[in-house]
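Working notes, structure below.
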Amino acid sequence: MRPILMKGHERPLTFLRYNRDGDLLFSCAKDHTPNVWFADNGDRLGTYRGHNGAVWSCDVSRDSTRLITGSADQTAKLWDVQTGAELFTFRFDAPARSVEFAIGDGLAVITTDNFMGNVPTAQVKRIADDPDDQSEESLLVISGIKGRINRAVWGPLNRTIITAGEDATVRIWDTEECDNLLITVTGTCLNESDKEQGHQKTITSLSKSADWSHFLTGSLDKSAKLWDTRTLTLIKTYVTERPVNAVDISPLLDHVVIGGGQDAMNVTMTDRRAGKFEAKFFHKILQEEIGGVKGHFGPINALAFNPDGRSFSSGGEDGYVRLHHFDSDYFNIKI
1 MRPILMKGHE RPLTFLRYNR DGDLLFSCAK DHTPNVWFAD NGDRLGTYRG HNGAVWSCDV
61 SRDSTRLITG SADQTAKLWD VQTGAELFTF RFDAPARSVE FAIGDGLAVI TTDNFMGNVP
121 TAQVKRIADD PDDQSEESLL VISGIKGRIN RAVWGPLNRT IITAGEDATV RIWDTEECDN
181 LLITVTGTCL NESDKEQGHQ KTITSLSKSA DWSHFLTGSL DKSAKLWDTR TLTLIKTYVT
241 ERPVNAVDIS PLLDHVVIGG GQDAMNVTMT DRRAGKFEAK FFHKILQEEI GGVKGHFGPI
301 NALAFNPDGR SFSSGGEDGY VRLHHFDSDY FNIKI
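Taking UniProt numbering, the leading residue of the sequence shown gets 1, the next gets one more, and so forth.
Encoded structure:
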């Protein structure tokens, strides 16, 4: 499995996202400029210029016409995917961390950090069909969480939002009141993860299964955990040798991929083994490690399976995106 090395960023990668069709790959980094690539051959298609700070995450609409990004410059931006034009800017009093479109692309959830006295929040914005009609007003505000919210994603049918972050707790929030167009409502917490069974350190990443029945979290406690989306029951735990920065679930096989490594301040960039920089694959059901992919000269910060399950991408502290197409041996792994 020979990787395709994609060098379009000058600083560490932070996030990767495929579009629904799996033909485009979007990358975010600390260098202010998200990129879009052809997911087959790794050729760069374009860039999105307008942020003035690190870009922490992105999401693309179901029809691949719009991109949303969240940045340390205290904004989230909507973009035209094809032209790279900036369509709208949501402004906040703190860095925007996690962004995701809801089913139907009519809503988006955006998290803001605890910064300069501001409490961390997850805010739901309505996404207008016409950018000229777009408003900055929030329909729902989730607050009361201690510590930064690193990820906020929509649950099934947009009825809930799942959050995770610095306080090591996964929470499920009710979004039913988003239907009230007249007022901004405060989110209600429906459930939260068990503190003994759950993570013991910061949750860095969260990825949903293709059918949304379960999701995977990664943590600095050197583990990844699989959860039931409806009940928040812990299903499986995958133990690694390194802090986990990124996780994803295969849409094709019963596999999960986990990546990370020691903090950039604590490792050299010259020894790929010393910092545990491999992307590790585990059997989702049996919880056993089935293989690993090396190559990054620094911690892995982002991972994403192609929606067809036949390739995956990794983004590292070294500034590279590595695109891997699985060979036939991968699909014949037996345990």
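Where is the CB? At the ideal position from N, CA and C, for every residue including glycine.
Simplified DSSP assignment, three categories, for residue i
| i | result |
| --- | --- |
| Glu288 | coil |
| Asn52 | coil |
| Tyr238 | strand |
| Ser328 | helix |
| Glu317 | coil |
| Leu157 | helix |
| Phe15 | strand |
| Glu166 | coil |
| Arg272 | Residue placement at Arg272 is poorly supported in this model, since its pLDDT is 48, which falls under 50; the coordinates still yield a value, given next. Reduced to three states, the DSSP call for Arg272 is coil. |
| Glu278 | coil |
| Glu196 | coil |
Spatial distance of residue i from residue j (CA atoms)
| i | j | result |
| --- | --- | --- |
| Phe38 | Gly309 | 16 Å |
| Ser219 | Asn158 | 25 Å |
| Leu87 | Ser64 | 15 Å |
| Ala304 | Met116 | 33 Å |
| Pro161 | Ile258 | Going by the sequence as given, residue 161 is Ile instead of Pro. Using only the alpha carbons, I get a separation of about 23 Å. |
| Asn19 | Arg11 | 23 Å |
| Asp318 | Ala72 | 20 Å |
| Arg272 | Gln82 | Its pLDDT being 48, under 50, Arg272 is placed unreliably in this model, and the value from its coordinates should be taken loosely. Arg272 and Gln82: Cα-Cα distance of roughly 37 Å. |
| Arg66 | Leu78 | 7 Å |
| Cys189 | Met1 | 44 Å |
| Pro243 | Gly315 | 16 Å |
| Ile145 | Asp167 | 8 Å |
| Asn114 | Asn332 | 46 Å |
| Ile285 | Leu226 | 10 Å |
| residue 336 | Lys236 | An answer regarding residue 336 cannot be provided, because it is not within the stretch 1 to 335 covered by the chain. |
| Trp56 | Asp130 | 26 Å |
Same chain only: Cβ atoms within 7 Å of residue i, ignoring 5 sequence neighbours per side
| i | result |
| --- | --- |
| Glu177 | Leu140 and Val185 |
| Arg17 | Phe26, Cys58, Asp59, Val60 and Ala304 |
Cβ-heavy atom distance, residue i to the ligand FAD, below 7 Å
| i | result |
| --- | --- |
| Arg242 | As for the ligand FAD, it is missing from this structure, which has no ligand bound. |
Residue of the options minimising C-alpha distance to residue i
| i | options | result |
| --- | --- | --- |
| Tyr238 | Thr229, Thr231, Arg230 and Asp248 | Asp248 |
| Gln287 | Leu216, Thr229 and Phe277 | Leu216 |
| Val321 | Asp21, Ala29 and Asp174 | Ala29 |
| Gly260 | Lys222, Asp329, Ala210 and Tyr330 | Lys222 |
| Trp154 | Asp130, Gln200, Ser193 and Ser213 | Ser213 |
| Asn35 | Leu13, Ala279, Gln74 and Glu196 | Leu13 |
Any chain D beta carbon closer than 8 Å to residue i
| i | result |
| --- | --- |
| Met116 | Checking the listed chains, one finds no chain D in this structure; it contains a single protein chain. |
Cβ shell of residue i (< 6 Å), same chain only, five flanking positions each side left out
| i | result |
| --- | --- |
| Asp93 | Asn118 |
Same chain, Cβ closer than 8 Å to residue i, neighbours up to 5 away in sequence not counted
| i | result |
| --- | --- |
| Gly84 | Gly46, Thr47, Tyr48 and Arg49 |
| Ile335 | His283, Leu286, Glu288 and Ile290 |
Next on the checklist: If we require 3 or more residues per run, which beta strand (DSSP E) segments fall completely within the segment 93-146?
Outcome noted: 96-101, 107-112, 121-126 and 138-142
Next on the checklist: In chain order, what are the residue ranges of uninterrupted beta strand (DSSP E) at least 3 long that sit wholly in the segment 203-247?
Outcome noted: 203-208, 214-219, 223-228 and 234-239
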